[in-house]
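Peer 1:
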Amino acid sequence: MATTRNKNRMLFLGVGLSTVSLLLTGCGAGSSNDGGGESEAGEFTTLSVVENTTIPAVLETLAGDQCKTAADAMPLKVDTVPQTSLDQQLQLQAGQGALPAQFAAGSAPALTKELADSGNVLDLEATLNDLGVIDQVEPAAIDTVKALYGGFNVLPYEYNVEGIWYNKQLFADNNIEVPATWDDFTAAAETLNSSGVTPLSASGEQGWPLTRLISGYLFSDLGKDALQKVADGEAKLTDPEYVEAAAAVADLGSKGYFGEGIGSIDYDTAVNQFLTGEAGMLYMGSWVLANFNDEAANQIGAENIGFMPFPKVDGGAGIDNQYAANVGLPMAISEKAYNDQTGEWLSCITENYGSVGLAEKGAISGFKVNEEVDVDPLTQTVQDTIADTSESVLWFEALFGTQATTASQTNAAPLVTGSMSPEQFMDTVQSALK
Amino acid sequence: MQSVLGDKKALIILLGPALLVYTLVMLVPIIWSMGYTFFSGNAISGFTFAGTDNFTRLFTDPEVRTALSFTVRYAIVITIGQILMGYALALMYVFILKKSSNIIRTLVFFPVVLPTVAVALLFQKMFEIAPQNGLVNSLLNGVGVESVDWFGSSSSSFWVIVLMDIWRSMGFYAVLLYAGLVDIPEDMLESARLDGATGWRLIKNIVLPLSMPVLLSSIIFSINGTLKVFDSIVALTNGGPGSSTTPLTLYMFRTSFAFGDYGYGSSIALLLTLLCLIVTIFIFRSSRRDLTKD
Amino acid sequence: MSTQAPDQKVPLEAMQRQEPRRTRSRAAKRWAKLPVHLLIALLLVVVLYPLLWLVLGSFKTQQEFLNDPVWSLPGSFNFDNYVEAWTTGNLAVFVANSLMATLPSLALIIVFGVAAGFALEVMVWKGRNGVLLIFLTGIMVPGQMILLPLFSAYFNTGLTGTLWPLIITYTATGLPLTVFMMATYFRAVPREVFEASTLDGASIIRSFISIGFPMVRNAVFTVALVQFFFIWNDLLIALTFANNSDLSTIQVGLLNFTGQFGTVQYGPLFAAICLNVFGTLAIYLFLNQRIMKGLAAGSVKG
Chain A
79 MATTRNKNRM
89 LFLGVGLSTV
99 SLLLTGCGAG
109 SSNDGGGESE
119 AGEFTTLSVV
129 ENTTIPAVLE
139 TLAGDQCKTA
149 ADAMPLKVDT
159 VPQTSLDQQL
169 QLQAGQGALP
179 AQFAAGSAPA
189 LTKELADSGN
199 VLDLEATLND
209 LGVIDQVEPA
219 AIDTVKALYG
229 GFNVLPYEYN
239 VEGIWYNKQL
249 FADNNIEVPA
259 TWDDFTAAAE
269 TLNSSGVTPL
279 SASGEQGWPL
289 TRLISGYLFS
299 DLGKDALQKV
309 ADGEAKLTDP
319 EYVEAAAAVA
329 DLGSKGYFGE
339 GIGSIDYDTA
349 VNQFLTGEAG
359 MLYMGSWVLA
369 NFNDEAANQI
379 GAENIGFMPF
389 PKVDGGAGID
399 NQYAANVGLP
409 MAISEKAYND
419 QTGEWLSCIT
429 ENYGSVGLAE
439 KGAISGFKVN
449 EEVDVDPLTQ
459 TVQDTIADTS
469 ESVLWFEALF
479 GTQATTASQT
489 NAAPLVTGSM
499 SPEQFMDTVQ
509 SALK
Chain B
501 MQSVLGDKKA
511 LIILLGPALL
521 VYTLVMLVPI
531 IWSMGYTFFS
541 GNAISGFTFA
551 GTDNFTRLFT
561 DPEVRTALSF
571 TVRYAIVITI
581 GQILMGYALA
591 LMYVFILKKS
601 SNIIRTLVFF
611 PVVLPTVAVA
621 LLFQKMFEIA
631 PQNGLVNSLL
641 NGVGVESVDW
651 FGSSSSSFWV
661 IVLMDIWRSM
671 GFYAVLLYAG
681 LVDIPEDMLE
691 SARLDGATGW
701 RLIKNIVLPL
711 SMPVLLSSII
721 FSINGTLKVF
731 DSIVALTNGG
741 PGSSTTPLTL
751 YMFRTSFAFG
761 DYGYGSSIAL
771 LLTLLCLIVT
781 IFIFRSSRRD
791 LTKD
Chain C
94 MSTQAPDQKV
104 PLEAMQRQEP
114 RRTRSRAAKR
124 WAKLPVHLLI
134 ALLLVVVLYP
144 LLWLVLGSFK
154 TQQEFLNDPV
164 WSLPGSFNFD
174 NYVEAWTTGN
184 LAVFVANSLM
194 ATLPSLALII
204 VFGVAAGFAL
214 EVMVWKGRNG
224 VLLIFLTGIM
234 VPGQMILLPL
244 FSAYFNTGLT
254 GTLWPLIITY
264 TATGLPLTVF
274 MMATYFRAVP
284 REVFEASTLD
294 GASIIRSFIS
304 IGFPMVRNAV
314 FTVALVQFFF
324 IWNDLLIALT
334 FANNSDLSTI
344 QVGLLNFTGQ
354 FGTVQYGPLF
364 AAICLNVFGT
374 LAIYLFLNQR
384 IMKGLAAGSV
394 KG
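Printed below as a string of C-alpha cells:
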C-alpha cells in the first residue's frame, strides 16, 4: 500500500511537472510567433488560399526580381487558408478591421461587394489611373470584373475562358461535325452515346460544371443579360423560359449523356474520363490546360483536343461565339491598409504579372503580356480565343449570393439524375436568392 | 468532517481554475452569441436590431425543418448503433476474449485514430460507382445485384454516413464502456455466478445495472456528439445530394460565415442547444430514477 | 503488444477460478468457440482492410488512383509520395504545431477537470448541482457558436497569430465533458474513503491528491485518451484560429492536398495521412500500455 501511494504521488507530480513544461513549450511557441503577428503593418501581407499555388509563386518571383524595390521597402508575406474557411476568415478579420494589405476575394462576389460597401476594398479604377498603369490590364478582364463585382474592385490574377472541349478523334470516328446549334449538340451526344462513349463528362460532385450548361443555354436563348434580369428582380428563375433551360440540361441527364453516378464524379474523375477517351466532350475553363499538357494524364494527345463555343439555341437572342469568362481567384486590396508602398507593389504587379506568370507557370491572367513568351499550341488556342472574343458571358451563379450559389451547385446533380424536377430546381435556387 | 468536505478555500483551489476558464472561454461567448439572436447582419456591415424576426424565421424556414429532421434521425440511429456496437464489443472483451482482448481492443480502436478527411475519402472510394465500381458495388455485382449510386439519393447517402460513423466510433465506445465493465468488482460477478446466473441473465441482472453510470455518460456523450455532427458530414457528402444530409450545425455554419447572417446563425445554434438540453435532461432524469431504484 | 502478460491479472484469475467448474471436453469447447473466432476474424477484416488500402494507396500514382479499381496493388513501391508529402506538405511544422497545441491543453484539461469533478462530486456545498449543470450545458452548445466572440477576444488581446487561441479554446471546450465524466467516476468511489481520510486530519486537498486522484486513475487515462483524439482530430477550431500556414495543425495541413478546382493529389495525401496515422498510433499504443497498467494497478486497490 505504501509503495502504491508513493507511485501515485509520483504520477501526480509527473502530470504536474509535464503541465509546467508543456506550458513553457506553448509559451515559447507563442512568443516566437508574436513578431509575425505584430509587424503586419510593415509587410505586404497577402491572404491567399492553399489550393492555389500559382499566384504566391509568381508573387515570390516578382519580389525577388522585377519588384525588388517595392519588396525591399515592404517585404512580401503570403498567408494561406483553405478555400473552405476563406469566407469565414474574411468575415472575422474584416469584423476586427484587420484585413491584410491584399486578400483573395471570397467565393461569392456578394461578399466582396459587402466588404466594398463597408470601406474595406480599394477602388482599383481610380487608383490604377492615379498610378498610370490602368492600360496594363486587359480591357476584357476589366469588363468581366465589373460585370461580376459591380466595379473594378479586384485584380485579375487569373483570366479563364470556358467552353466545350471535344475529342477530335472520336468526332471523326463517328462523323460528327463540330456542333454549332443546341440541336446539333444533342444529336452529337446521341451519336456518341449509341457508340458506347459517354457523351459529356461532368463533375456532379462539384455541381458547377452542370449549372454552367444551364446558364450557357439561358444566355444563348434569352440574351447576355438573362441572369442580370434575375439578379435585378425583373425576371424569375421560375418563369417558363428559364425553367426550359434547366429542363434542357435535365434532359441530357435523363438520356444518360453524363454516364453513371454523375453525383459522385469529382473534378479529377471528370477530367480523367475525357483524357482517357471514355468521354467525348467536357465543359471546362482554360485552367484545365495544365491537365491537358500533362502527358501522363492525357492519353488522347493534346493534338486531338478541340475547343468550341457554347452551341447556339435556335432563334435565341444570344451573342455569336459564346464563351463564358471568369477571373478565377482574384484579389482585392484593402482600402484601410493602403499606402504609398502598397501602391508601389500594385503598379509593379500590374506591369509585370502578365508576362512573368505566363513564362513561369503558363498562367493566363487578365494583365497584359508585355514580353514575347513561348507557349504550347493549346495555350495559344486559348490566347487567340481571348483575343478574338469581344464579348463574353458570365456563369449561372455569378450574380447570386452565397446561399443561392450553394443551393444551385448542390442541387445540380439531383436535377440531372431526375430526383429533382426542373421546376423544383429553379424554385429552390430562386427562393435562396431572397 | 462536513466542514472539511465543505472547506471553502479548498473548493476555490480545486474548482476555481476550471470554472474560470470555462466561464471566460465558453459561457461568456455563448451568452454573447445568444445576444446576437435578436439582431441580423454580421461583423462586416454591422448588426441591426431585428426583434424576434430570427425566431419567426426559424419556424417558417423549410431548410431548418429539413436540417432538424436529418439531425434528429442521424442522432438517434447513430447513438443506438454506437452504444450497441460498443457495448457488445466491450462485453466481448471482458467475458469472451479476456486474455487476448488487449490486442483486439487496440486494433478495433484503429479507425478512431484516422483523420476525418481520410475516413471520408475511404468511404467515398468504397461506395463509388464511377469511374469504376468501388468495393461495395463490385461485391453487389458479384452476387448479381445492379450497382447502386450510393451518393445519388438522400436515403442511401444517409446509410453510408451511418455506416461510416459507426465504423469509426465503435472502437472508441468499446474502450469507454470497457473501462466501466472492468471496474465491476469480481466478487460480485462471482457471487452471482454461484447463484447460478450465467450468460444473458448475468448481463441483464448484474452487469447492466452496475455499468449504468458509464453507460449513461456514454449515451449522453454520444447523443450530444451526434446532434452536433459536423466534420464527418462535411468531409463525406458536404450536406448533399441537395441539402438532404445537411445537419443543423452545417446549416448554422453556412448561414453565419458564408451567407453572412450571424444573428440568424446564432438562432439556429440556440435551437440546437435547446434540443441537446432537453434530450440530456430527459436521459439524466430517467436514469437517476433507475439508479435510485436499485 | 502480445508480451505483456503481467497486465492481465484480472481476466487470468477470473479464468482460473472458472476453469474447474467447466465439465465439457476441450475439443467441444474449441468447437463452441468457432463462431466467436469467425466473428473476431470478420471484425478484424472490417477494421483492418481500410488501413491496408490506405497504406497501399500511399504508394500509388495519381493515374493508378483514377484508372485502376480500388483494390488493385500499386505498380511499384517507392517513397516519392512520402517525399512529396514531407517536403511540399510541410508536415514537420504541422506535426510540431499539433503537438504544441494538443499536449498543453490536454494537461490543463486533466488537472483542472479532475479537480473540478472532485469538488463537484465529493465535496459538500450548496449549489454544486447547479454548477454541474452549468458545466453540462457546455457539452450541449455547438462549438460553432463561440467562434465569433472568441475571435474578437483573441484579436483584441493580441493572441491572434500565436498558438494560444488553440490551447485556450481546446482547454475550455474539453472541460465540460471531463468534469462531467470525472464527477461520474468519483460517484462510484465510496464516500467513506474520503471521510476516513479527513477524520485522520488530512486536509481535503491532500486527500484529493493522495487518495482521490489515484483512485480514478483509470478514468483519467480514459478521459485523456478521449480528449487527445478530439483535439488531435479537430478541424473547426483549428481552421478558425490558426489562420496562417505557420500555425496550421496536421488536420488543416491535410487539406493542402486539395487543389483549386477540387483536384486531389491522392498519393501524397495518403502518404501524409499514413505518416499522421502511424505517428498517432504510436502515441496511442504508448497510452494504451499506460491504461493497461492503470487498470492492473486499479484492480489491486480493493
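In the order they appear, the protein sequences are chains A, B and C. Numbers given in this note's numbering equal positions in the first sequence, counted from 1, plus 78. Numbers given in this note's numbering equal positions in the second sequence, counted from 1, plus 500. Numbers given in this note's numbering equal positions in the third sequence, counted from 1, plus 93. Think of the CB as a built atom: it goes at the ideal place given N, C-alpha and C, for glycine as much as any other residue.
Checking contacts by CB at 9 Å: is residue 620 of chain B closer than that to chain A?
Peer 2: Indexing the second sequence from 1 puts residue 620 of chain B at position 120. By this cut-off, residue 620 of chain B is not an interface position.
Peer 1: Please classify residue 337 of chain C: is it buried, with 16 or more other beta-carbons within 10 angstroms of its beta-carbon, or exposed?
Peer 2: Sequence index remark: in the third sequence, residue 337 of chain C carries index 244 (1-based). That one is buried.
Peer 1: From this set, A/329, A/435, A/344, which residue's C-alpha is nearest residue 285 of chain A's C-alpha?
Peer 2: Within the first sequence, the letter at position 207 stands for residue 285 of chain A. Taking only the C-alpha atoms, the option nearest residue 285 of chain A is A/344.
Peer 1: Closer than 8 Å by beta-carbon distance: list the chain C residues that pair up with residue 749 of chain B, in chain order.
Peer 2: Counting from 1 along the second sequence, the entry for residue 749 of chain B is found at position 249. For the C-beta of residue 749 of chain B, the chain C residues within less than 8 Å are, from N- to C-terminus, 235, 237.
Peer 1: For residue 244 of chain C, go through chain A and note every residue whose CB falls closer than 8 Å to its CB, in chain order.
Peer 2: On the third sequence, position 151 is the one that residue 244 of chain C refers to. Correct list: 170, 173, 174.
Peer 1: Compare the Cα-Cα distances from residue 333 of chain C to each of A/165, A/495, A/501 and report the closest residue.
Peer 2: Counted from its first residue, the third sequence places residue 333 of chain C at position 240. By alpha-carbon distance to residue 333 of chain C, the top candidate from A/165, A/495, A/501 is A/165.
Peer 1: Just reading off the alpha helix (DSSP H) that residue 279 of chain A is part of, what are its end residues?
Peer 2: Residue mapping note: residue 279 of chain A aligns to position 201 of the first sequence, counting from 1. Element bounds for residue 279 of chain A: not the alpha helix (DSSP H) but the beta strand (DSSP E), 276-279.
Peer 1: So residue 243 of chain A packs on residue 360 of chain A, CB below 8 Å; how close in whole Å?
Peer 2: Taking the first residue of the first sequence as 1, we reach residue 243 of chain A at position 165. Taking the first residue of the first sequence as 1, we reach residue 360 of chain A at position 282. Rounded, the Cβ-Cβ distance is 5 Å, consistent with contact.
Peer 1: Closest Cβ-Cβ distance between residue 708 of chain B and chain C: below 9 Å?
Peer 2: Locating residue 708 of chain B in the second sequence gives position 208, where the first residue counts as 1. For residue 708 of chain B, the answer is no, since every Cβ of chain C falls outside 9 Å of its Cβ.
Peer 1: Beta carbon of residue 209 of chain A: closer than 8 Å to some heavy atom of the ligand FMN?
Peer 2: As presented, the structure is devoid of all ligands, the ligand FMN included, so that no description of it is given.
Peer 1: Suppose the cutoff is 7 Å on Cβ atoms and the five residues either side in sequence are ignored; what does the same chain contact list for residue 202 of chain C look like?
Peer 2: Translated into the one-based positions of the third sequence, residue 202 of chain C becomes position 109. Closer than 7 Å at the Cβ level, and outside the excluded window around residue 202 of chain C, lie 264, 267, 268, 271, 320.
Peer 1: Identify the contact partners of residue 159 of chain A in chain C, using a Cβ-Cβ distance below 7 Å as the criterion.
Peer 2: For the purposes of this step, residue 159 of chain A is identified with residue 81 of the first sequence, where counting begins at 1. Ordered by position in chain C, the residues that pass the 7 Å Cβ test against residue 159 of chain A are 336.
Peer 1: Applying the 10 Å Cβ sphere with the 16-neighbour rule, what's the burial state of residue 238 of chain A?
Peer 2: In the first sequence, counting from the first residue as 1, residue 238 of chain A sits at position 160. Looking at its Cβ environment, which holds 16 or more other Cβ atoms inside 10 Å, residue 238 of chain A is buried.
Peer 1: Between residue 179 of chain A and chain C, is the shortest Cβ-Cβ distance under 9 Å, so that the two count as touching?
Peer 2: Here residue 179 of chain A corresponds to residue number 101 of the first sequence, with the count starting at 1. It does not: the Cβ of residue 179 of chain A has no partner Cβ on chain C nearer than 9 Å.
Peer 1: Residues of chain B with CB closer than 9 Å to the CB of residue 146 of chain C, please, in chain order.
Peer 2: By 1-based counting over the third sequence, the position of residue 146 of chain C is 53. Residues of chain B passing the Cβ test: 622, 625, 626, 635.
Peer 1: Note down the Cα distance separating residue 319 of chain A from residue 295 of chain A, rounded to an integer number of angstroms.
Peer 2: Taking the first sequence and counting its residues from 1, the one referred to as residue 319 of chain A is at position 241. Taking the first sequence and counting its residues from 1, the one referred to as residue 295 of chain A is at position 217. About 11 Å.
Peer 1: Alpha carbon to alpha carbon, how far is residue 706 of chain B from residue 282 of chain C?
Peer 2: Here residue 706 of chain B refers to the residue found at position 206 of the second sequence. Here residue 282 of chain C refers to the residue found at position 189 of the third sequence. Distance between the alpha carbons of residue 706 of chain B and residue 282 of chain C: 18 Å.
Peer 1: Please name the residue or residues paired with residue 412 of chain A in a DSSP beta bridge.
Peer 2: Residue mapping note: residue 412 of chain A aligns to position 334 of the first sequence, counting from 1. Note: residue 412 of chain A sits in a beta bridge opposite A/199.
Peer 1: Going along the segment 574-607 of chain B in order, which residues come within less than 8 Å of chain A, judged by CB to CB distance?
Peer 2: none
Peer 1: What ranges does the beta strand (DSSP E) occupy inside the segment 359-434 of chain A, keeping only unbroken runs of at least 3 residues that lie completely in it?
Peer 2: 383-386, 402-404, 409-411
Peer 1: Residue 289 of chain C by DSSP, collapsed to three states: which one?
Peer 2: Here residue 289 of chain C corresponds to residue number 196 of the third sequence, with the count starting at 1. Here residue 289 of chain C sits in helix by DSSP.
Peer 1: Residue ranges of each alpha helix (DSSP H) run of no fewer than 4 residues wholly in the segment 165-195 of chain C, ordered along the chain?
Peer 2: 173-180
Peer 1: What residues of chain B sit near residue 311 of chain C, judged by a beta carbon separation below 9 Å?
Peer 2: Here residue 311 of chain C is taken as the residue at index 218 of the third sequence, counted from 1. Going along chain B in sequence order, the residues near residue 311 of chain C (Cβ under 9 Å) are 679, 682, 683.
Peer 1: Given this structure, state the Cα-to-Cα distance separating residue 548 of chain B from residue 249 of chain C, to the nearest angstrom.
Peer 2: Translated into positions along the second sequence, residue 548 of chain B becomes position 48. Translated into positions along the third sequence, residue 249 of chain C becomes position 156. Distance between the alpha carbons of residue 548 of chain B and residue 249 of chain C: 23 Å.
Peer 1: Measure from the alpha carbon of residue 399 of chain A to the alpha carbon of each residue in A/406, A/387, A/301, A/315, then state which is nearest.
Peer 2: Counting from 1 along the first sequence, the entry for residue 399 of chain A is found at position 321. Ranking A/406, A/387, A/301, A/315 by Cα distance to residue 399 of chain A puts A/387 first.
Peer 1: State the DSSP-derived secondary structure class of residue 288 of chain A, mapped to helix, strand or coil.
Peer 2: Residue numbering aside, residue 288 of chain A sits at position 210 when the first sequence is read from its first letter. Helix, per DSSP.
Peer 1: Quick check on the burial criterion: 16 or more other C-beta atoms within 10 angstroms. Buried or exposed for residue 185 of chain C?
Peer 2: Counted from its first residue, the third sequence places residue 185 of chain C at position 92. With fewer than 16 Cβ atoms within 10 Å of its Cβ, residue 185 of chain C is classed as exposed.
Peer 1: In angstroms with no decimal places, state the Cα-to-Cα distance between residue 169 of chain C and residue 342 of chain C.
Peer 2: Numbered from 1 along the third sequence, position 76 holds the residue referred to as residue 169 of chain C. Numbered from 1 along the third sequence, position 249 holds the residue referred to as residue 342 of chain C. Near 31 Å, if we compare the C-alpha coordinates of residue 342 of chain C and residue 169 of chain C.
Peer 1: With 9 Å set as the bound, which would you pick, yes or no: does the beta-carbon of residue 274 of chain A sit closer than that to a beta-carbon of chain C?
Peer 2: Walking along the first sequence from the start, residue 274 of chain A turns up at place 196. No, its Cβ sits nowhere closer than 9 Å to a Cβ of chain C.
Peer 1: Any C-beta of chain A within less than 7 Å: which residues of the segment 747-771 of chain B qualify?
Peer 2: If the cut-off is 7 Å between Cβ atoms, the segment 747-771 of chain B has 754, 757, 758, 759, 760 near chain A.
Peer 1: In the DSSP output, which residue or residues are listed as bridge partners for residue 259 of chain A?
Peer 2: On the first sequence, position 181 is the one that residue 259 of chain A refers to. Bridge partners of residue 259 of chain A: A/390.
Peer 1: Quick one, which residues of the segment 149-181 of chain C are near chain A if we go by CB-CB under 7 Å, in chain order?
Peer 2: Residues of the segment 149-181 of chain C with a Cβ closer than 7 Å to any Cβ of chain A, in chain order: 156, 159, 160.
Peer 1: Can you give me the Cβ contacts of residue 240 of chain A inside the same chain, cut-off strictly under 6 Å, excluding the 5 residues immediately before and after it?
Peer 2: Counted from its first residue, the first sequence places residue 240 of chain A at position 162. If we look at residue 240 of chain A and ignore the five residues flanking it on each side, its Cβ neighbours are 363, 402.
Peer 1: Could you tell me the alpha carbon to alpha carbon distance between residue 214 of chain A and residue 181 of chain A, rounded to whole angstroms?
Peer 2: Taking the first sequence and counting its residues from 1, the one referred to as residue 214 of chain A is at position 136. Taking the first sequence and counting its residues from 1, the one referred to as residue 181 of chain A is at position 103. Rounded to the nearest angstrom, the two C-alpha atoms are 21 Å apart.
Peer 1: Is it right to say residue 299 of chain A is buried, meaning 16 or more other beta carbons lie within 10 angstroms of its own, or is it exposed?
Peer 2: Here residue 299 of chain A is taken as the residue at index 221 of the first sequence, counted from 1. Sixteen is the threshold: when 16 or more other Cβ atoms of the shown chains lie within 10 Å of the Cβ of residue 299 of chain A, as they do, the residue is buried.
Peer 1: Shorter than 9 Å from the beta carbon of residue 296 of chain C to some beta carbon of chain B?
Peer 2: Your numbering for residue 296 of chain C matches position 203 in the third sequence. Yes, contact with chain B.
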